Amino acid sequence: MPVYVYEEVLPDGSGGTTWEFMQGIHEPPLTHHPQTGVPIRRKVTAPAWAPKGFGKHNKKDQLSDRNLEKLGFTKYVKGKGGYEKVAGEGPDLIKR
42 MPVYVYEEVL
52 PDGSGGTTWE
62 FMQGIHEPPL
72 THHPQTGVPI
82 RRKVTAPAWA
92 PKGFGKHNKK
102 DQLSDRNLEK
112 LGFTKYVKGK
122 GGYEKVAGEG
132 PDLIKR
């Protein structure tokens, strides 16, 4: 589901506090904040971006141990005594 950015509509028509809402792509834009009831409007924002290199390779390459470690993630695999680290920084074993 897409995430849309909304801003509060102040009495003078200017924008105020902003919020992010997940909505279906075919749902109409919100006109009032669902919890507070203040008037809001959808903002036009830049599209989401992905880190350099994503989209150029297949999913298997993106989720490889080497690539995950390069991007700062830590990967654990379930073993007999708990979860064993296979990539990244962190404890070598997380016991169950």
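If you want the working numbering, it's the 1-based position in the sequence shown plus 41.
Cβ coordinates follow ideal geometry from the N, Cα and C atoms, glycine included.
The structure presented is a predicted model; accordingly, all values stated were derived computationally and were not measured.
Identify whether LEU109 lies in helix, strand or coil by the three-state DSSP scheme. helix
Going by DSSP, name the residue or residues bridged to ALA128. LYS116
What is the DSSP secondary structure of LYS136, counted as helix, strand or coil? Shown here, LYS136 sits in a strand according to DSSP, grouped into three states.
Using beta-carbon positions only, say whether PRO75 and VAL50 come within less than 8 Å of one another. no
Since I believe ASP106 is in contact with ALA128 (beta carbons under 8 Å), could you give me their beta-carbon distance rounded to a whole number of angstroms? 4 Å
Measure from the alpha carbon of PRO70 to the alpha carbon of each residue in LYS119, VAL85, GLY54, then state which is nearest. VAL85
Start and end of the beta strand (DSSP E) containing GLY57? It spans 56-63 - the beta strand (DSSP E) in which GLY57 sits, taken as one unbroken run.
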